[in-house]
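*Asks:* Line by line, the protein sequences are chains G and P. The opening residue of the first sequence carries number 1 in my numbering; numbering runs sequentially from there. The opening residue of the second sequence carries number 1 in my numbering; numbering runs sequentially from there. Just so you know, even glycine gets a beta-carbon here, dropped at the ideal spot from N, CA and C. Since the structure is predicted, the reported quantities are computational estimates derived from the model, not experimental observations. Encoded as structure tokens, here's the structure I'll be asking about.
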Amino acid sequence: MATYLEFIQQNEERDGVRFSWNVWPSSRLEATRMVVPLACLLTPLKERPDLPPVQYEPVLCSRPTCKAVLNPLCQVDYRAKLWACNFCFQRNQFPPAYGGISEVNQPAELMPQFSTIEYVIQRGAQSPLIFLYVVDTCLEEDDLQALKESLQMSLSLLPPDALVGLITFGRMVQVHELSCEGISKSYVFRGTKDLTAKQIQDMLGLTKPAMPMQQARPAQPQEHPFASSRFLQPVHKIDMNLTDLLGELQRDPWPVTQGKRPLRSTGVALSIAVGLLEGTFPNTGARIMLFTGGPPTQGPGMVVGDELKIPIRSWHDIEKDNARFMKKATKHYEMLANRTAANGHCIDIYACALDQTGLLEMKCCANLTGGYMVMGDSFNTSLFKQTFQRIFTKDFNGDFRMAFGATLDVKTSRELKIAGAIGPCVSLNVKGPCVSENELGVGGTSQWKICGLDPTSTLGIYFEVVNQHNTPIPQGGRGAIQFVTHYQHSSTQRRIRVTTIARNWADVQSQLRHIEAAFDQEAAAVLMARLGVFRAESEEGPDVLRWLDRQLIRLCQKFGQYNKEDPTSFRLSDSFSLYPQFMFHLRRSPFLQVFNNSPDESSYYRHHFARQDLTQSLIMIQPILYSYSFHGPPEPVLLDSSSILADRILLMDTFFQIVIYLGETIAQWRKAGYQDMPEYENFKHLLQAPLDDAQEILQARFPMPRYINTEHGGSQARFLLSKVNPSQTHNNLYAWGQVFMDHLKKLAVSSAC
Amino acid sequence: MAELYVKPGNKERGWNDPPQFSYGLQTQAGGPRRSLLTKRVAAPQDGSPRETSPGPPPMGPPPPSSKAPRSPPVGSGPASGVEPTSFPVESEAVMEDVLRPLEQALEDCRGHTRKQVCDDISRRLALLQEQWAGGKLSIPVKKRMALLVQELSSHRWDAADDIHRSLMVDHVTEVSQWMVGVKRLIAEKRSLFSEEAANEEKSAATAEKNHTIPGFQQAS
């Protein structure tokens, strides 16, 4: 077999796509028997420094129900200046501007190396980015000071023409009018009563825009240059005043008596923020950034009461149906999240507190809109400060990496239909011939909206093969899928990224080996994991584990080589060899095992899992473990306690934590100070090597991970040990893993299953 | 220009708080990098039990450098490790050398910028002076302000802006009250400069027009 690994890697680098299967089963029946659905991970805005955008608009198929974009798979008649759409076979005339094309003078979008291409839309007004800070003032003094400083700092990181606004809240909600006149004014709302969008807009004195609010792209060319409002002003005008205003913010003045929590009106504060943006700047890129230091305790969206003796809900409470505020609060935030997504805006949540803050109830705000969720212990930590700074990271062109208002449109050739998507998106409810009735994830549509995204945002997209069993596929036939992402670039330009891919069909009966060789076990693991987590969030927990196990057994039965009833004969080919391990770790991961974490923590982990690219997602499922020693270069080792050796240093990356662990002997050597002796310089290098590698990860990752530097016998060694020794009843994971594998093989080879 | 350093995180407030990287290190990191540590090991399929690891070796010293069979294990990343580093002491920047050019720049902008803005900037420069004179600013801040002023005087606006950003990121507590004034000053000076440049171009173009060949305009 040719190296499919190279093929897979090249495709990911060029197109930002990883498919579970790279040779497709040609019939629906056979596809279902392959257990892992035909699906892909798509990173719509994958960073492509080598791909400059073209400065013209894409050519579209003229069939109104198709509108696919001209791509390298299309047949072209250069003489007649016609092209045939590869999706619907419509013959289209090239526009006049293409009059000069020929076989030797092709436009970029027809060349195979431009299977992914980006267009810049020239027309239309460009609207500035908008940042609306919603700040909790019920914080400790130190925390509030640190937060204020971070916000002041951010004014230096924002582009000068971005619009910025400020809402503060505690018991009451204050909308600050930003003016240059010296006197600061604000509108105060009670935190107990929710208001409709119209009420909020009336009370703030916002007039309705002259144009009726549209779902489609913003600003007609003849409108005025982009207006600002009293509450959202350009940074270059307002930065000095806002710096002072932030500097003068005080803690919420309402006294908090002993045994009570502060009254925090997060629900109303968010509602006002959403309503404010809805009334002033619908359909343009905006971030509502919520900074909170505790749970909402009053008004709509409250998650817990103000009595400290009644703790915030745990998973046990939820299981016993003992979480009295949960349903109502979740509904409140879901309503806000859906409205925000409909307006094309996104909501970030920065929650820093020692106790829970209600991320479980509020998670939809970030998950449906593509906003970020950051969870820390305090605003006065490096974790928060640097994670927050990294939102404003610039790319190789000096532009922000964040992008806004994306719509993803998926088209398929007729043998395929779209079952759904899982990721930070909402459905646009666009029906059509490509849409399957069987839903996986957010289905029933061929278009989704992703209001906030960046170059790592990744969606899982699931397909259904609909070709009937007895309809033969022509020899060498290929299926095709096109992903069209319209979005607002951070430079405020509107752009369109188009990726068109094709893969060969194959008859499963006669070409099983080909199909096997083209299986991408990493992509398959992440895609199944996303499905599992999606189900877990909507179903009962144990059912998901049972479902996952069943799928794994069926996969082994189908693709393992074995003699019936003989477990010792069981073998999996290379392209499947890591898959059972991934499933083994997934079952034990915090994404599916919730009882070791608080509901907020589970929500936080799942939030990041549902949007990261493949490499990072895999790290989350099965943490990376590297071993450093004198015996050779750093090498990956089994995530198992047998990898913990006295003369090794281990580096473990779980995505959320980086752990460096010194084996017993190494720790003793360090204590003895050998690294300071010139004749033992290599020991100094050995100690430094994992630190350097850890630093590289810490410098780039968003969100910033926690950092644990520990050694044999150290109390923090538990973070490593819990990953390699999940249960007290087994001495090492490998033994437990062996039990798992043995059991799996037994079930796979059994005729009874 | 900006410093490259790593400080430990705030262990009091956040357990396992990661280290804090300076602005210079963060921007150096640039865009996303390929994770170097991404390999995994498959568990052996035949299920042969792993040998239990032998007990820890006797506690002798580590192998000395000369005996090392190969070059030290290669770690990647910049020279500065994840431990705090100290930087060499330099001669202190002089306050007047920083304040005077800033005040001059403000004067230059008086005709071009609104009075209220100028007053606001002036107020903040006074605050900067007060803090500097009062010994409240650390050496790195003073050093970088001196560099910022140099860039500003040489009309390198982007560089000056970048230094202001690095100061806001690395030393926000010290600088936040007055730095926004310096930021605004850079922006005003830059816009004044480009306005003047545009005016010069316009007047040069007009001068050219007045020098066209007399007969030329009569051509149909």
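1. Which of the three DSSP states, helix, strand or coil, is assigned to leucine 45 (chain G)?
2. Please name the residues in the stretch 165-176 of chain P whose beta-carbon is closer than 8 Å to at least one beta-carbon of chain G, in chain order.
3. Going along chain G, which residues have a C-beta under 7 Å from aspartate 120 (chain P)?
4. What does DSSP give as the partner residues of glutamate 711 (chain G) in its beta bridges?
5. Please tell me whether tyrosine 628 (chain G) and proline 636 (chain G) are closer than 8 Å, where the distance is taken between their beta carbons.
6. In chain order, what residues of the same chain lie with their CB nearer than 7 Å to the CB of isoleucine 186 (chain P), ignoring the 5 residues before and after it?
7. Are the C-beta of leucine 144 (chain G) and some C-beta of chain P separated by less than 8 Å?
8. Below 8 Å CB to CB, which residues in the same chain sit around lysine 558 (chain G) once its five sequence neighbours on both sides are set aside?
9. What's the C-alpha gap between isoleucine 8 (chain G) and valine 526 (chain G)?
10. State yes or no: is the C-beta of leucine 110 (chain G) within less than 8 Å of the C-beta of leucine 70 (chain G)?
11. Suppose contacts are defined by Cβ-Cβ distances below 8 Å. Is glutamine 447 (chain G) in contact with leucine 428 (chain G) by that definition?
12. May I ask you to list, following chain order, the residues of the stretch 124-154 of chain G that have a beta carbon less than 7 Å from some beta carbon of chain P?
13. Can you tell which of P:Ser65, P:Gly9, P:Glu103 and P:Glu3 has its C-alpha closest to the C-alpha of phenylalanine 384 (chain G)?
14. Taking the continuous beta strand (DSSP E) assigned at isoleucine 496 (chain G), which residues delimit it?
15. Less than 8 Å separating the beta-carbons of glutamine 551 (chain G) and arginine 28 (chain G)?
16. Please classify lysine 46 (chain G) as buried or exposed, where buried requires at least 16 other C-beta atoms within 10 Å of its C-beta.
17. Using only alpha-carbon positions, find the residue among G:Ile461, G:Met677 and G:Lys394 that is nearest to valine 426 (chain G).
18. Thinking C-alpha only, which one of G:Leu651, G:Cys88, G:Leu82 and G:Ser491 is nearest proline 95 (chain G)?
19. Can you name the residues of chain P whose CB is closer than 9 Å to the CB of glycine 247 (chain G)?
20. Run through chain P and tell me which residues come within less than 9 Å of leucine 157 (chain G), C-beta to C-beta.
21. Give me, in chain order, the residues of the same chain whose beta-carbon lies closer than 8 Å to that of alanine 162 (chain G); leave out the 5 immediate sequence neighbours on both sides.
22. What is the DSSP secondary structure of alanine 125 (chain G), reduced to helix, strand or coil?
23. Just checking, does the stretch 155-172 of chain G make contact with the stretch 253-267 of chain G on the three C-beta pairs under 8 Å criterion?
24. Would valine 774 (chain G) count as contacting chain P if we go by Cβ distances under 8 Å?
25. In whole angstroms, what separates the C-alpha of serine 314 (chain G) from that of lysine 327 (chain G)?
26. Going by DSSP in three states, leucine 747 (chain G) sits in which element: helix, strand or coil?
27. Just to confirm, are lysine 183 (chain P) and aspartate 239 (chain G) a CB contact at a threshold of 8 Å?
28. Hey, out of G:Thr357, G:Ala518 and G:Arg497, whose CA is closest to asparagine 504 (chain G)'s CA?
29. Measuring straight from C-alpha to C-alpha, what distance separates tyrosine 707 (chain G) and serine 722 (chain G)?
30. Is aspartate 97 (chain P) helix, strand or coil by DSSP?
31. Do threonine 369 (chain G) and glutamine 612 (chain G) come within 8 Å of each other at the CB atom, strictly closer than that value?
32. Quick one: which residues of the stretch 182-199 of chain P get their C-beta closer than 9 Å to a C-beta of chain G? List them in chain order.
33. Taking all protein chains shown into account, do 16 or more other C-beta atoms lie within 10 angstroms of the C-beta of asparagine 397 (chain G), making it buried, or fewer, making it exposed?
34. Who does serine 627 (chain G) pair with in a DSSP beta bridge?
35. Sort out for me which residues DSSP pairs leucine 60 (chain G) with in a bridge.
36. Only counting the same chain, and skipping five residues up and downstream in sequence, which positions put a Cβ closer than 8 Å to that of alanine 197 (chain G)?
*Replies:* According to the structure data:
1. One-based indexing of the first sequence puts residue 45 (chain G) at position 45. Three-state result, leucine 45 (chain G): coil.
2. Arg165, Met168, Val169, Val172, Thr173 and Ser176
3. Your numbering for residue 120 (chain P) matches position 120 in the second sequence. Result: Met240.
4. Counted from its first residue, the first sequence places residue 711 (chain G) at position 711. Glutamate 711 (chain G) is bridged to G:Leu662.
5. Residue 628 (chain G) sits at position 628 when you count from the first residue of the first sequence. Residue 636 (chain G) sits at position 636 when you count from the first residue of the first sequence. No. Outside cutoff.
6. Start at 1 with the first residue of the second sequence, and residue 186 (chain P) comes out as number 186. Excluding positions up to five away in sequence, the list reads Leu152, Trp157, Ala160, Asp161 and His164.
7. Sequence index remark: in the first sequence, residue 144 (chain G) carries index 144 (1-based). It does not: the Cβ of leucine 144 (chain G) has no partner Cβ on chain P nearer than 8 Å.
8. In the first sequence, counting from the first residue as 1, residue 558 (chain G) sits at position 558. Hits under 8 Å: Arg33, Met34 and Val35.
9. Within the first sequence, numbered from 1, the residue matching residue 8 (chain G) stands at position 8. Within the first sequence, numbered from 1, the residue matching residue 526 (chain G) stands at position 526. Their Cα atoms are separated by approximately 15 Å.
10. Within the first sequence, the letter at position 110 stands for residue 110 (chain G). Within the first sequence, the letter at position 70 stands for residue 70 (chain G). Closer than 8 Å, so yes.
11. Counting from 1 along the first sequence, the entry for residue 447 (chain G) is found at position 447. Counting from 1 along the first sequence, the entry for residue 428 (chain G) is found at position 428. Against a cut-off of 8 Å, the Cβ pair of leucine 428 (chain G) and glutamine 447 (chain G) comes out as a contact.
12. Glu149, Gln152 and Met153
13. The residue given as residue 384 (chain G) occupies position 384 in the first sequence. Ranking the options by Cα distance to phenylalanine 384 (chain G), first place goes to P:Gly9.
14. Position 496 of the first sequence, counting from 1, holds the residue named residue 496 (chain G). First-last of the beta strand (DSSP E) with isoleucine 496 (chain G): 494-506.
15. As a position in the first sequence, residue 551 (chain G) is number 551, starting the count at 1. As a position in the first sequence, residue 28 (chain G) is number 28, starting the count at 1. No; because the gap between Cβ atoms is not below 8 Å, this pair is not in contact.
16. Here residue 46 (chain G) refers to the residue found at position 46 of the first sequence. Looking at its Cβ environment, which holds 16 or more other Cβ atoms inside 10 Å, lysine 46 (chain G) is buried.
17. Numbered from 1 along the first sequence, position 426 holds the residue referred to as residue 426 (chain G). The shortest Cα separation from valine 426 (chain G) among G:Ile461, G:Met677 and G:Lys394 belongs to G:Ile461.
18. Residue 95 (chain G) sits at position 95 when you count from the first residue of the first sequence. Comparing Cα-Cα distances from proline 95 (chain G) to each of G:Leu651, G:Cys88, G:Leu82 and G:Ser491, the minimum goes to G:Leu82.
19. Indexing the first sequence from 1 puts residue 247 (chain G) at position 247. Simply Ser176 and Gln177.
20. Residue numbering aside, residue 157 (chain G) sits at position 157 when the first sequence is read from its first letter. Result: Arg165, Met168 and Val169.
21. Counting from one through the first sequence, the residue named residue 162 (chain G) turns up at place 162. So the qualifying residues of the chain are Pro128, Leu129, Ile130, Phe131, Pro234 and Val235.
22. By one-based count along the first sequence, residue 125 (chain G) stands at place 125. Reduced to three states, the DSSP call for alanine 125 (chain G) is coil.
23. yes
24. Nothing about residue 774 (chain G) can be read from this structure; chain G reaches only from 1 to 753.
25. Here residue 314 (chain G) refers to the residue found at position 314 when the first sequence is read from its first residue. Here residue 327 (chain G) refers to the residue found at position 327 when the first sequence is read from its first residue. Each residue's alpha carbon lies about 14 Å from the other.
26. For the purposes of this step, residue 747 (chain G) is taken as residue 747 along the first sequence, with counting starting at 1. DSSP places leucine 747 (chain G) in helix when its eight states are reduced to three.
27. Position 183 of the second sequence holds residue 183 (chain P). Position 239 of the first sequence holds residue 239 (chain G). Yes.
28. Working through the first sequence from its first residue, we reach residue 504 (chain G) at position 504. When each option's Cα is compared against that of asparagine 504 (chain G), the closest is G:Ala518.
29. In the first sequence, residue 707 (chain G) corresponds to position 707, counting from 1. In the first sequence, residue 722 (chain G) corresponds to position 722, counting from 1. Those two C-alpha atoms are separated by around 16 Å.
30. The count along the second sequence starts at 1 and reaches residue 97 (chain P) at position 97. Three-state DSSP puts aspartate 97 (chain P) in a helix.
31. Taking the first residue of the first sequence as position 1, residue 612 (chain G) is located at position 612. Taking the first residue of the first sequence as position 1, residue 369 (chain G) is located at position 369. Their beta carbons are not under 8 Å apart, which means glutamine 612 (chain G) does not touch threonine 369 (chain G) by this criterion.
32. Lys183, Arg184 and Ala187
33. For the purposes of this step, residue 397 (chain G) is identified with residue 397 of the first sequence, where counting begins at 1. Flag for asparagine 397 (chain G) reads exposed.
34. Translated into positions along the first sequence, residue 627 (chain G) becomes position 627. Partner(s): G:Glu635 and G:Leu650.
35. Start at 1 with the first residue of the first sequence, and residue 60 (chain G) comes out as number 60. BP columns for leucine 60 (chain G) point to G:Val69.
36. The residue labelled residue 197 (chain G) in the question sits at position 197 within the first sequence. Counting only Cβ-Cβ distances below 8 Å, and skipping sequence neighbours, we find Val274, Gly275, Glu278, Gly279 and Arg339.
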